[in-house]
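The structure appears right after this line, and notes come after that.
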Amino acid sequence: ELNLVGNDLTTLPESITMLKSLQKLELYSNNLTTLPQSIGNLKSLKKLYLGFNQLSTLPESIGNLSSLEELDLVKNKLTTLLELIGNLKSLQKLKLFNNQLSTLPESIGNLKSLKELHLGFNQLSALPESISTLKSLEYLNFCGNQLSTLPGSITMLNSLEILDLEKNKLKFLPEAIEILEQRGLTIYL
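Under UniProt numbering, think of the first position of the sequence shown as 1, with each following residue one higher.
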């Protein structure tokens, strides 16, 4: 475990990859603007906490973190997610609150182990159809976005327990909401 929370780091050294058995890397509340490509070599990494930084992009090598279970990117400046995010097959929690995302890649549907997806307070106007393949998803937070409708395929999320759609642009209740409510799902509108 390496905890570097609350420093003034703007980047990490390439030598970070020497920590071959590192499982948890906490970098909350720094001034990180970039991550080194070598971060993808941390094959044992299970938890990566990058919240409250200045990241506008992620290195492509992030898709190599095959053991990663939690990725926290809350309150950064991300405008897009790489398709390679779909390579993170072990990912269970993905936190992207308070970024500037306007779209999500279809590859997000490859995250079959994902249980929690936090997308609140971005600029998302739609969910990709592939989201319906996230059969392990229990919690989906989409509050504070630009969503005007829901894909009907959202009803295929059989493990979903909580759906947060507060502060969006829904003008009417999509039929999918009624179907989900009948299943006993907790829904926030």
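Positions of the beta carbon are idealized from the N, C-alpha and C atoms, including for glycine.
Under 8 angstroms between C-beta atoms of residue i and residue j
i, j, result
"PRO59", "ILE85", "no"
"LYS47", "LYS24", "yes"
"LEU65", "LEU82", "no"
"GLN92", "LYS115", "yes"
"LEU157", "SER132", "yes"
"GLU161", "THR186", "yes"
"ASN87", "GLY63", "yes"
"SER56", "LEU22", "no"
Proximity winner among the options, relative to residue i (alpha-carbon distances)
i, options, result
"SER113", "LYS43, VAL74, SER67, LEU82", "SER67"
"SER125", "LEU111, THR10, ASP72, PHE142", "PHE142"
"ASN53", "GLU166, THR11, ILE108", "THR11"
"LYS95", "LEU73, THR79, LEU82", "LEU73"
"ASN30", "MET18, LEU4, PRO36", "LEU4"
"THR155", "ALA176, LYS135, LEU111, GLY63", "ALA176"
"PRO105", "LEU88, PHE97, THR80, SER90", "THR80"
"GLU69", "LEU185, SER90, ILE131, GLN182", "SER90"
"PRO13", "GLU181, GLN37, ILE62, GLN182", "GLN37"
"GLY184", "SER159, GLY144, THR17", "SER159"
"PHE97", "GLY144, SER107, GLU178", "GLY144"
"GLU138", "LEU180, ILE16, LYS171, GLY51", "LEU180"
Cβ neighbours of residue i in the same chain (closer than 6 angstroms, five flanking residues each side left out)
i, result
"LEU140", "LEU117, LEU163"
"GLU129", "PRO151, SER153"
"GLU26", "ASN3, VAL5, TYR49"
"LEU134", "LEU114"
"TYR188", "ASP164, GLU166"
"THR17", "SER38, ASN41"
"ASN7", "ASN30"
Per DSSP, the bridge partner or partners of residue i
i, result
"LYS47", "LYS24, GLU70"
"ILE131", "Answer is none; ILE131 lacks a bridge partner."
"ILE162", "TYR139, THR186"
"LYS95", "ASP72, HIS118"
"ASN110", "Note: ASN110 sits in no beta bridge, so no partner."
"THR31", "At residue 31 the sequence reads Asn, which differs from the Thr that was named. DSSP, once it has assigned bridges, lists no residue as partnering ASN31."
"ASN3", "GLU26"
Contacts around residue i, its chain only, beta-carbon distance under 8 angstroms, and the 5 residues preceding and following it disregarded
i, result
"GLN146", "GLN123, LEU124, SER125, ASN168, LYS169"
"LEU9", "LEU27, ASN30, ASN31, LEU32"
"LEU19", "LEU2, LEU42"
"LEU35", "THR11, LEU12, LEU50, LEU55, LEU58, PRO59, ILE62"
"LYS171", "SER148"
Neighbourhood of residue i by C-beta distance below 7 angstroms, restricted to the same chain and skipping five residues each side
i, result
"PRO174", "THR149, LEU150"
"SER107", "GLU83, ILE85, GLY86"
So, do the region 113-129 and the region 86-105 have three or more beta carbon pairs nearer to each other than 8 angstroms? yes
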